[in-house]
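For what it's worth, the UniProt record's numbering labels the leading residue of the sequence shown as 1, then goes sequentially.
Working notes for the structure below.
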Amino acid sequence: MGLDRKNDLVINGFGRSNGGQFEDVVLNGKGTIDGDIECKMYDCNGMGTLNGNVTAEKVRINGKGKINGNIVARDITVDGHASLGGNTSHESLRISGHCSIGGTVKGDKVKINGKALIGGDCETEEFVTEGIFTIGGLLNAEEIDIALYGECKAKEIGGQSIRIRQKPYGIIKFLRSLFPTRLITDIIEGDDIYLEGVRAKIV
């Protein structure tokens with residue numbers, strides 16, 4: 001099985017490379033990749049730019065990463081600052097830093113503890129957040145659990161179980177007097193709905 005292992009692509013410092021098929025892709029410096037990537041792990045720890053699509057088992061951005069294309073991955077993790085220009089398809093998407101996604105999001109689970117900006121629709125089985133998000137299109141999930149820590153927005157929200165609540169204690173209560181903690185949307189449709197701090201035109 002060892003003979004089937006592909007080469008790694010590692011950029012430490014300044015560097016530029018073409019796309020291709022690799023075992024692991026690691027950007028520790030200021031690296032740029034031109035072309036599509038297929039790999040097991042795409043790991044950006046520095047300031048990395050990928051001008052193409054990525055297909056991987058895991059995508060992890062700990063630094064400041066930009067992907068000007070679509071992502072198909074089992075797991076996507078953002079602990080730093082990520083700018084993703086296309087669509088994402090995944091099993092698990094976890095955002096603890098700042099993530100901007102230009103297209104649509106499709107997957108099994110989305111968890112946001114940081115800040116997420118999604119240009120299109122977000123379709124997932126489970127949507128859980130204790131952060132801040134803006135979704136330009138429809139948020140559609142079987143289970144939606146939102147704890148408001150700031151102003152969140154979605155064009156429309158639909159799901160089977162929808163729970164949106166404000167955090168009333170500690171420093172959050174003080175910050176609420178300075179910054180709005182609310183969710184703004186046009187439409188909310190669901191079977192089991194509990195709402196706090198929501199401004200919606202139609203429920």
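Yeah, the Cβ is synthetic: ideal placement off N, Cα and C, and Gly gets one too.
Using three-state DSSP, classify residue i as helix, strand or coil.
i	result
ASP4	helix
VAL203	coil
GLU38	strand
VAL10	strand
GLY159	strand
THR181	coil
GLY46	coil
LYS167	coil
residue 206	This structure leaves residue 206 out entirely; the chain is present only between 1 and 203.
residue 204	There is no way to answer for residue 204, as the model of the chain reaches only from 1 to 203.
Could you round the C-beta distance between residue i and residue j to whole angstroms and report it? I think they count as a contact, below 8 angstroms.
i	j	result
ILE144	ILE162	5 angstroms
ASP135	ILE146	In the sequence as displayed, the identity of residue 135 is Ile instead of Asp. No, ILE135 and ILE146 are not in contact; Cβ-Cβ is about 11 angstroms, not under 8 angstroms.
GLU130	ASP108	Actually they do not touch by this definition, with Cβ atoms about 19 angstroms apart.
Assign residue i to buried or exposed, taking buried as 16 or more other Cβ atoms, counted over all protein chains shown, within 10 Å of its Cβ.
i	result
ASN70	buried
VAL203	exposed
ARG5	exposed
GLY13	exposed
ASN87	buried
GLY103	buried
ASN18	exposed
LYS201	exposed
Please state whether the Cβ-Cβ distance between residue i and residue j is less than 8 angstroms.
i	j	result
LEU93	VAL72	no
GLY85	ASN68	yes
SER83	SER96	no
GLY46	GLY29	yes
ARG182	GLU156	no
LEU139	PHE127	yes
THR49	GLU38	no
ASP24	ASP34	no
GLY65	CYS44	yes
Given the structure, does residue i come close to the ligand ZN, in the sense that its CB is under 7 angstroms from one of the ligand's heavy atoms?
i	result
ILE118	As presented, the structure is devoid of all ligands, the ligand ZN included, so that no description of it is given.
inquiry  = Extract the residue ranges of the alpha helix (DSSP H) inside the segment 52-126, only unbroken runs of 4 or more that lie entirely within it.
reply    = Qualifying alpha helix (DSSP H) stretches: none in this window.
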